[in-house]
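Colleague: Numbering (the working numbering), first residue to last: 226 to 445. Note that the Cβ used here is the ideal one computed from N, Cα and C, for glycine as well. Note that the coordinates shown come from a computational prediction; the quantities given were computed from them, not determined experimentally.
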């Protein structure tokens, strides 16, 4: 009897395991079938966030926006100007505008999804990141490029040097440290990380569409 009871217990445990696995897969499939309402395109400066957002709007039915442009429109000042006044002032504005957008989207659940490109430093804005983590229906895409590639692109537009690098004795070294520190945070935050090195915006957009389950427009 002891051996029979032990076998039965083992059988019951196996059944419980398989039932739990079936339940998990069922709800996982349901979650994956739900398309995100807001897709945040994140990553460092010059990683291609704006061009990828534009490509996505061409390929799928969606709306699009750029958080930095919205900040400028609402405040009358560029993110750079706000940052130079004070990094804290800029972060407050960035978080406030993001909160406004996400609150609006939460009430607009039947609309086409919103593709929103963020600023490169949003990962260091604790209030903004808290909003992102707590927002249902939000999907975060991180476009990853190497520090070397990012710096090479920055050097091509010296008049648009990131504000945090201005008047620094060794801006390249500082950029590399900040870039690599942010990359770790971005990977932890993102739902998907896409290697954006040596890829076109169309190639990156196609990867995002595949991983989010959106349907391509028929006329593209």
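Within 10 angstroms of its Cβ, does residue 325 collect 16 or more other Cβ (buried), or is it exposed?
Modeller: The residue labelled residue 325 in the question sits at position 100 within the chain shown. It is exposed - the Cβ of residue 325 has fewer than 16 other Cβ atoms within 10 Å.
Colleague: Keeping to the same chain, check which residues put their C-beta closer than 6 angstroms to that of residue 288; ignore five residues upstream and five downstream.
Modeller: Your numbering for residue 288 matches position 63 in the chain shown. Same-chain partners within the cutoff: 337, 339.
Colleague: In this structure, how does DSSP classify residue 369 when only helix, strand and coil are distinguished?
Modeller: Mapped onto the chain shown, residue 369 falls at position 144. If DSSP states are grouped into helix, strand and coil, residue 369 belongs with the strands.
Colleague: If you count every other CB in all the chains shown that lies within 10 Å of the CB of residue 342, and 16 or more means buried, which is it?
Modeller: Position 117 of the chain shown, counted from the start, is the residue given in the question as residue 342. With 16 or more Cβ atoms within 10 Å of its Cβ, residue 342 is classed as buried.
Colleague: Is residue 319 near the ligand SAH, going by C-beta to nearest heavy atom under 8 angstroms?
Modeller: Of the ligands one can find in the structure shown there are none, so the ligand SAH has no counterpart to examine.
Colleague: What residue range does the alpha helix (DSSP H) around residue 278 cover?
Modeller: As a first step, residue 278 must be located in the chain shown, where it is residue number 53. From DSSP, the alpha helix (DSSP H) with residue 278 extends over 274-284.
Colleague: Just tell me which of 440, 348, 431, 377 has its CA closest to the CA of residue 406.
Modeller: Counting from one through the chain shown, the residue named residue 406 turns up at place 181. Selected option, being the one with the closest Cα: 348.
Colleague: To which residues of the same chain is residue 404 closer than 7 angstroms at the C-beta, ignoring the five residues directly before and after it?
Modeller: Residue 404 sits at position 179 when you count from the first residue of the chain shown. Within the same chain, residue 404 has close Cβ partners 269, 372, 375.
Colleague: Run through DSSP, which three-state label would residue 418 get?
Modeller: Locating residue 418 in the chain shown gives position 193, counting from the first residue. In the three-state reduction of the DSSP assignment, residue 418 falls in the strand class, which pools E and B.
Colleague: Ignore the nearest five residues each way along the sequence and tell me which others in residue 273's own chain have a CB closer than 7 angstroms to its CB.
Modeller: Here residue 273 corresponds to residue number 48 of the chain shown, with the count starting at 1. If we look at residue 273 and ignore the five residues flanking it on each side, its Cβ neighbours are 368, 421, 426, 429.
Colleague: For residue 333, which option in 410, 262, 417 has the closest C-alpha, if you only look at C-alpha atoms?
Modeller: Translated into positions along the chain shown, residue 333 becomes position 108. Answer by Cα proximity: 262.
Colleague: Taking only the alpha-carbon atoms, compute the straight-line gap between residue 416 and residue 366 and give it to the nearest angstrom.
Modeller: Translated into positions along the chain shown, residue 416 becomes position 191. Translated into positions along the chain shown, residue 366 becomes position 141. Distance between the alpha carbons of residue 416 and residue 366: 6 angstroms.
Colleague: Which of helix, strand or coil does DSSP assign to residue 294?
Modeller: As a first step, residue 294 must be located in the chain shown, where it is residue number 69. Helix.
Colleague: What does residue 267 pair with, by DSSP beta-bridge criteria?
Modeller: For this step, residue 267 is matched to residue 42 along the chain shown. Answer is 367.
Colleague: Mapping the DSSP letters down to three states, classify residue 342 as helix, strand or coil.
Modeller: Within the chain shown, numbered from 1, the residue matching residue 342 stands at position 117. It is a strand residue.
Colleague: Hey, out of 327, 345, 388, whose CA is closest to residue 359's CA?
Modeller: Position 134 of the chain shown holds residue 359. Nearest of 327, 345, 388 to residue 359, Cα basis: 327.
Colleague: So, using beta-carbon positions, are residue 299 and residue 322 closer together than 9 angstroms?
Modeller: The residue given as residue 299 occupies position 74 in the chain shown. The residue given as residue 322 occupies position 97 in the chain shown. Contact flag set, yes.
Colleague: Whose C-beta lies closer than 6 angstroms to the C-beta of residue 290 among residues of the same chain, with five residues either side of it excluded?
Modeller: Residue 290 sits at position 65 when you count from the first residue of the chain shown. Within the same chain, residue 290 has close Cβ partners 341.
Colleague: Can you tell me whether DSSP reads residue 255 as helix, strand or coil?
Modeller: One-based indexing of the chain shown puts residue 255 at position 30. Low per-residue confidence applies at residue 255: pLDDT is 42, beneath 50, and the placement is therefore not dependable, though the value from the model is reported in the following sentence. DSSP places residue 255 in the helix class (H, G or I) of the three-state scheme.
Colleague: Can you tell me which residues form a DSSP beta bridge with residue 289?
Modeller: Counting from 1 along the chain shown, the entry for residue 289 is found at position 64. Per DSSP, 340.
Colleague: Helix or strand or just coil, what does DSSP make of residue 303?
Modeller: In the chain shown, residue 303 corresponds to position 78, counting from 1. It is coil, neither helix nor strand.
Colleague: Just how far apart, CA to CA, sit residue 280 and residue 271?
Modeller: Locating residue 280 in the chain shown gives position 55, where the first residue counts as 1. Locating residue 271 in the chain shown gives position 46, where the first residue counts as 1. One C-alpha to the other measures close to 16 angstroms.
Colleague: Under the three-state reduction of DSSP, which class applies to residue 436: helix, strand or coil?
Modeller: Working through the chain shown from its first residue, we reach residue 436 at position 211. Correct three-state label for residue 436: helix.
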